[in-house]
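The listed protein sequences derive, respectively, from chains A and B.
If you read the first sequence in our numbering, its first letter stands for residue 3, the second for the next number, and so on.
If you read the second sequence in our numbering, its first letter stands for residue 196, the second for the next number, and so on.
Just so it is clear, CB atoms sit at the ideal spot from N, CA and C, and this is done for glycine as well.
None of the values given here were measured: they were computed from a predicted structure.
One structure is given here, and the rest of the page talks about it.
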Amino acid sequence: MKKLLLICLFVLAVLPVLTQSAFAAGAGPSKDMLKGIVTQVNGAERTVVFVKDGTKEVRTLVLGEKMKIEDMKMNTKVLINLDKHAGENVMKDFSVMFMDMTVSKLLALLAIGAIGGLLSGFIGSGGAFVMTPAMMSLGVPGAVAVASNMCHKFPKAMVGAYKRWKYGQADIKLGLVMSTTAIIGVQIGIEIQKYILHKFGGAGSNLYISAVFMVVLVFVGGYVFYDAWKMIKGGGEETVSKLAIAMQKINIPPMIHFKTANVTISAWITIPVGVLTGMLAATIAVGGFVGVPGMIYVVGVSAVVASATELIIAFVMGAWGSVQWGLSGLIDIRLSLLLLATSLIGVQLGALGTTYVKDYIIKVVMATTMLIVAVSRGVMVPGYLADVGFTAPLDAGTITLLERVSYWSLLLALCSAGLIIIVAMVKGMSADRRSRKALAGVQHG
Amino acid sequence: MEATQFDKNMMAVAFAEAGEHDTVRDTLKGGKKGLATAPAPVRSKPYLKTLFFGCISISAYILLFKNEQLVTDTFTMGDWRWVFPVGAAFFFSFIHGAFASNLLTTLGLEAKK
Numbered sequence: 003m004k005k006l007l008l009i010c011l012f013v014l015a016v017l018p019v020l021t022q023s024a025f026a027a028g029a030g031p032s033k034d035m036l037k038g039i040v041t042q043v044n045g046a047e048r049t050v051v052f053v054k055d056g057t058k059e060v061r062t063l064v065l066g067e068k069m070k071i072e073d074m075k076m077n078t079k080v081l082i083n084l085d086k087h088a089g090e091n092v093m094k095d096f097s098v099m100f101m102d103m104t105v106s107k108l109l110a111l112l113a114i115g116a117i118g119g120l121l122s123g124f125i126g127s128g129g130a131f132v133m134t135p136a137m138m139s140l141g142v143p144g145a146v147a148v149a150s151n152m153c154h155k156f157p158k159a160m161v162g163a164y165k166r167w168k169y170g171q172a173d174i175k176l177g178l179v180m181s182t183t184a185i186i187g188v189q190i191g192i193e194i195q196k197y198i199l200h201k202f203g204g205a206g207s208n209l210y211i212s213a214v215f216m217v218v219l220v221f222v223g224g225y226v227f228y229d230a231w232k233m234i235k236g237g238g239e240e241t242v243s244k245l246a247i248a249m250q251k252i253n254i255p256p257m258i259h260f261k262t263a264n265v266t267i268s269a270w271i272t273i274p275v276g277v278l279t280g281m282l283a284a285t286i287a288v289g290g291f292v293g294v295p296g297m298i299y300v301v302g303v304s305a306v307v308a309s310a311t312e313l314i315i316a317f318v319m320g321a322w323g324s325v326q327w328g329l330s331g332l333i334d335i336r337l338s339l340l341l342l343a344t345s346l347i348g349v350q351l352g353a354l355g356t357t358y359v360k361d362y363i364i365k366v367v368m369a370t371t372m373l374i375v376a377v378s379r380g381v382m383v384p385g386y387l388a389d390v391g392f393t394a395p396l397d398a399g400t401i402t403l404l405e406r407v408s409y410w411s412l413l414l415a416l417c418s419a420g421l422i423i424i425v426a427m428v429k430g431m432s433a434d435r436r437s438r439k440a441l442a443g444v445q446h447g
Numbered sequence: 196m197e198a199t200q201f202d203k204n205m206m207a208v209a210f211a212e213a214g215e216h217d218t219v220r221d222t223l224k225g226g227k228k229g230l231a232t233a234p235a236p237v238r239s240k241p242y243l244k245t246l247f248f249g250c251i252s253i254s255a256y257i258l259l260f261k262n263e264q265l266v267t268d269t270f271t272m273g274d275w276r277w278v279f280p281v282g283a284a285f286f287f288s289f290i291h292g293a294f295a296s297n298l299l300t301t302l303g304l305e306a307k308k
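Listed below in C-alpha cells is the structure:
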C-alpha cells in the first residue's frame with residue numbers, strides 16, 4: 003500500500019506540470035483576455051493604447067459597438083476581453099481589476115467568509131457556489147472572483163482538515179487517493195466543457211452547467227435527505243449502505259485499507275468516485291457535492307469521516323488551482339485574505355461542531371444546501387433554453403426576476419445551512435454540559 | 196467518591212431517557228474510560244497565545260491594506276510571482292488560523308472529549 007501512496011504523491015506532483023496547458027486553457031483565463039494598463043484614450047477614433055502586463059507589449063485596441071468611451075479608465079490595472087469574431091484588436095468588454103474597498107463591501111466579504119467557513123468545516127464543502135457570484139455582484143470581474151475564491155479555499159480547507167484530523171475524523175490516505183483521481187476527473191471535465199463551448203457556444207455551456215447542477219443536486223441531495231430522514235426515524239444510528247457493502251465485497255487488486263474510515267475496498271471502486279468528484283468540480287465548482295455522498299454510499303465511509311476527508315481533497319485541488327491562477331496573475335489577495343479572516347474562524351467552529359452532533363445532522367445540512375442550490379440553478383434554465391434557441395426569448399423583466407431569485411436562493415442556502423449548524427451545535431453543547439454537571443453531582447454526592 | 200453500580204444504572208436510565216445513547220454506553224462500561232471516573236483536569240485558557248497571534252494577524256492585515264496598491268500590483272504580475280499570493284495565503288492561514296483556534300478555546304468552544 004505504501005507503493006500506492008507513493009504513486010499518488012508522484013501523480014499529484016507531476017500531473018500539474020504535465021497538464022498545465024490543458025488546465026490553463028479550461029479553468030484558467032481565456033486566451034482572448036488581456037491584463038494590463040490603458041495609457042491613452044482617443045475618443046474621436048474610439049481607440050485606446052494598451053500596455054500588456056508582463057511583456058509590456060503596446061497595442062492599439064478598438065472599442066466594441068456596445069462599449070462607451072467614458073467607461074475607459076486610465077493608469078489602473080484592467081482586464082479586457084477581445085471579440086475575435088469582430089477583429090484581432092476589437093474589445094468586447096472592459097473591467098477594472100481591483101475594486102475600491104468600501105466598508106460595506108468589506109463587511110459583506112467578512113460575513114460571506116464566516117458562513118462559508120462554518121459550512122465547509124461541517125460538511126467538507128460549500129461556500130464556493132455563493133462566494134464567486136457574491137464577489138461578482140460587488141463589482142469584481144468574473145475571472146478575478148474565481149481566482150481569489152480558489153486562493154482562499156485551500157488554506158481554509160487545510161486548517162479545517164488539520165482540525166478534523168486531530169479529532170480523528172479525516173482519513174489522509176483516502177483523501178490522497180481521491181485527490182489524485184479527482185485531478186484526472188478535472189481534466190476530463192474541462193475537455194467536455196471545451197467541447198460543449200466549441201459546439202454550442204456560451205449559452206450551450208451555461209445550459210449544460212445548469213442542467214448538471216440540477217440533475218446531480220436533486221438526485222443526490224434528495225437521496226441524502228431521504229437517508230437522513232431514515233436515520234432520524236431509526237434513532238440516529240448510521241448504517242453502511244447496501245451498495246457500499248456490495249462494493250466492499252468486490253475483490254479486485256489492489257485492495258486498499260483505509261484505517262480511519264475503517265474500510266477495505268478495491269482501488270477500482272474509489273477511482274470512479276474520485277473521477278466524478280473532479281468532473282463535477284470542473285463543471286459546477288463544488289466537487290464535494292458528489293465526493294462526500296460518493297464516499298458515504300459507494301465506499302461505505304461514515305458521514306463524519308467523509309466530510310472531513312473531503313477537506314483534504316479540497317486542499318490539494320485548491321492549492322493546485324491557486325498556482326494555476328497565480329501564474330496568470332489574477333488573484334486579488336485582498337479578497338482572499340478578507341474571506342480568510344472570518345472563514346478560518348468559521349471552519350474551526352464547524353469542525354468542532356461535528357463532535358457534538360449526530361451523523362444525520364451532517365446529512366440534513368448537506369441535503370438542505372444541495373436542494374436549495376438546485377432551485378437557484380433551476381430558475382436559470384428557462385433563460386438559457388431561450389438563449390440556445392430551444393424556446394421563445396424571455397422579456398428583460400422576467401430575466402432580471404429569475405436572476406434575483408437565483409442569487410437570493412443561493413444566499414438562503416448558505417444562511418439556512420448556517421442556522422441548522424449553529425442550532426445543532428448549541429443543543430449538542432448544552433446537552434454535553436448537562437451530562438457533565440450530572441456526573442459531577444453523582445461523584446460529589 | 197466512587198459511584199456504585201446502582202448509581203451507574205440510575206445514571207444510564209436517566210441518559211437513555213434523554214436520548215444520550217453514547218453516554219449510556221460509556222456509563223455502563225465503567226472503568227477508566229467510563230464517566231464514573233475523575234473529571235479531566237481543567238486547563239488554563241490560552242489568553243497570551245490568543246493575544247500574541249491576534250496582534251501579529253491584525254498587524255499583517257494593516258500592513259497589507261496600507262500598501263494595497265503595491266501589493267495588488269506585485270501579486271498579479273503572473274509567472275513565478277504566483278509564490279506571492281499562495282505564500283501569503285499560507286502565512287495568513289498559519290498565523291490567523293492559530294489566532295482563531297486559540298480564540299475559540301479562550302471562549303470555551305472546544306471539541307467534545
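C-beta atoms of residue i and residue j nearer than 9 Å
i               : j               : result
P157 of chain A : S252 of chain B : no
Y299 of chain A : A246 of chain A : yes
M180 of chain A : V288 of chain A : no
I335 of chain A : L258 of chain B : no
I363 of chain A : I423 of chain A : yes
Y256 of chain B : T301 of chain B : no
G420 of chain A : L121 of chain A : yes
A415 of chain A : M216 of chain A : no
A113 of chain A : T344 of chain A : yes
T267 of chain B : F100 of chain A : yes
Q195 of chain A : A284 of chain A : yes
A308 of chain A : M319 of chain A : no
A209 of chain B : V161 of chain A : no
F291 of chain A : V218 of chain A : yes
Straight-line Cα distance separating residue j from residue i
i               : j               : result
V277 of chain A : S432 of chain A : 41 Å
G273 of chain B : K54 of chain A  : 12 Å
T49 of chain A  : V80 of chain A  : 15 Å
Q445 of chain A : K232 of chain A : 38 Å
S127 of chain A : V359 of chain A : 18 Å
M368 of chain A : E72 of chain A  : 46 Å
A321 of chain A : D397 of chain A : 42 Å
T245 of chain B : A163 of chain A : 21 Å
K261 of chain B : K37 of chain A  : 24 Å
I290 of chain B : L341 of chain A : 15 Å
Q42 of chain A  : M76 of chain A  : 7 Å
C10 of chain A  : I192 of chain A : Residue placement at C10 of chain A cannot be trusted, given a pLDDT of 48 that sits under 50; the coordinates are not used to answer.
T104 of chain A : E263 of chain B : 13 Å
G236 of chain A : I82 of chain A  : 57 Å
G118 of chain A : M133 of chain A : 8 Å
V390 of chain A : S408 of chain A : 19 Å
CB-CB length for residue i against residue j, believed under 8 Å
i               : j               : result
D173 of chain A : T262 of chain A : 4 Å
M93 of chain A  : G66 of chain A  : 5 Å
I315 of chain A : T279 of chain A : 7 Å
E240 of chain A : S304 of chain A : 6 Å
V188 of chain A : I286 of chain A : Not quite, the Cβ-Cβ distance comes to about 12 Å (not below 8 Å), so this is no contact.
T271 of chain B : L332 of chain A : 7 Å
G352 of chain A : G123 of chain A : 3 Å
M249 of chain A : I234 of chain A : Actually they do not touch by this definition, with Cβ atoms about 25 Å apart.
Proximal chain A residues relative to residue i, where beta-carbon distance stays under 9 Å
i               : result
S352 of chain B : Outside the displayed range of chain B (196 to 308) lies residue 352 of chain B, so it cannot be described from this structure.
T267 of chain B : K79, M99, F100, D334, I335, R336
L151 of chain B : Shown here, chain B extends from 196 to 308; a query on residue 151 of chain B therefore has no answer.
Amino acids of chain A, ordered along the chain, whose beta-carbon sits closer than 8 Å to that of residue i
i               : result
T271 of chain B : K37, D55, K79, M99, G331, L332, I333, D334
S239 of chain B : Near S239 of chain B there are no residues of chain A at all, since even the closest Cβ is about 18 Å away, more than 8 Å.
F248 of chain B : The premise fails here: F248 of chain B is roughly 11 Å from chain A at the closest Cβ pair, so nothing lies under 8 Å.
Within chain B, the residues that residue i reaches when beta carbons sit closer than 7 Å
i               : result
D95 of chain A  : The premise fails here: D95 of chain A is roughly 19 Å from chain B at the closest Cβ pair, so nothing lies under 7 Å.
Q350 of chain A : A295, S296, L299
Y2 of chain A   : Residue 2 of chain A falls outside the range modelled here, since chain A spans only 3 to 447, and no answer is possible.
V325 of chain A : W277, V281
G280 of chain A : Here the premise fails: no neighbours, minimum Cβ distance about 21 Å.
Under 8 Å by beta carbon: chain B residues contacting residue i
i               : result
D434 of chain A : K307
G420 of chain A : Those do not exist, as G420 of chain A stays about 16 Å from chain B at its closest Cβ, beyond 8 Å.
Heavy atom of the ligand NAP within 8 Å of residue i beta-carbon
i               : result
A398 of chain A : Of the ligands one can find in the structure shown there are none, so the ligand NAP has no counterpart to examine.
Chain-ordered neighbours of residue i on chain C, where CB pairs are closer than 8 Å
i               : result
T357 of chain A : No chain C is part of this structure, whose protein chains are labelled A and B.
Per-residue contacts from residue i into chain A (C-beta, under 7 Å)
i               : result
G292 of chain B : V161, L346
F285 of chain B : P157
Neighbour list for residue i in chain B, Cβ cutoff strictly below 9 Å
i               : result
L354 of chain A : L299, L304, E305, A306, K307
Notebook entry, point to check: Three or more C-beta pairs closer than 8 Å, one from the region 343 to 353 of chain A and one from the region 191 to 210 of chain A: is that the case here?
Noted result: no
Margin query: Quick test of the definition: if touching needs 3 or more C-beta pairs under 8 Å, does the region 327 to 343 of chain A touch the region 138 to 151 of chain A?
Written below: Touching, yes, given that three or more Cβ pairs across the two stretches are closer than 8 Å.
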